[in-house]
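Take any residue in the sequence shown, count from 1 to its spot, add 33: that is its number in the numbering used here.
Built from N, CA and C at the ideal position, the CB exists for glycine as well.
As the structure is a computational prediction, the values presented were derived from the model and not from experiment.
Okay, structure first, notes after.
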Amino acid sequence: MENSLNRKDFIKKFSLMGVAAVGASSLITACGGGSSDTPAPAPATSAADPCTDVSGLSEADLQMRENVNYIEVTEIPEQRCDNCQLYTQPANGGCGGCLLFAGPVTAAGWCSSWVPTQG
Ligand code: SF4
Numbered sequence: 034m035e036n037s038l039n040r041k042d043f044i045k046k047f048s049l050m051g052v053a054a055v056g057a058s059s060l061i062t063a064c065g066g067g068s069s070d071t072p073a074p075a076p077a078t079s080a081a082d083p084c085t086d087v088s089g090l091s092e093a094d095l096q097m098r099e100n101v102n103y104i105e106v107t108e109i110p111e112q113r114c115d116n117c118q119l120y121t122q123p124a125n126g127g128c129g130g131c132l133l134f135a136g137p138v139t140a141a142g143w144c145s146s147w148v149p150t151q152g
């Protein structure tokens, strides 16, 4: 008789643990957590940054940017577009440019043709 009660108690407790586990799992999923492999939702899209928007450029212009390995953010802090001789200052608060190729250039950008400003 005592064994029977113990078995019943065990089954009750085991069932409650299962319900609790399913409930916790559902709650974690609903909160967006539970897995570091799950990518975070993308932030709301905003208008393209005009200083990085190259959508209006021709294939030739894009190729020229690629030929000099242009990147929007330098990996060499002391070499930036805004301290390069070939950088053209932004007009009216717009984007900077480069004498080598068409299209916008970021002040923090860089390419393999960087030339230090004289000073
Ligand atoms: S030459 Fe290169 S580093 Fe200099 S302004 Fe142009 S893109 Fe920037």
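Judged by pairs of C-beta atoms under 8 Å, the stretch 105–113 touches the stretch 130–150, as three or more such pairs exist. Between V138 and C114, the C-beta spacing is below 7 Å. Listed as beta-bridge partners of V138 by DSSP are G129.
If the five residues before and after D94 are omitted, its C-beta is found closer than 7 Å to the C-beta atoms of F134, A135, G136, all from its own chain and listed in chain order.
Inter-residue distance for G130 and L119 is about 8 Å (C-alpha atoms, whole angstroms). A Cβ-Cβ distance of about 16 Å is found for the pair C117 and C84, leaving them out of contact under the 8 Å criterion.
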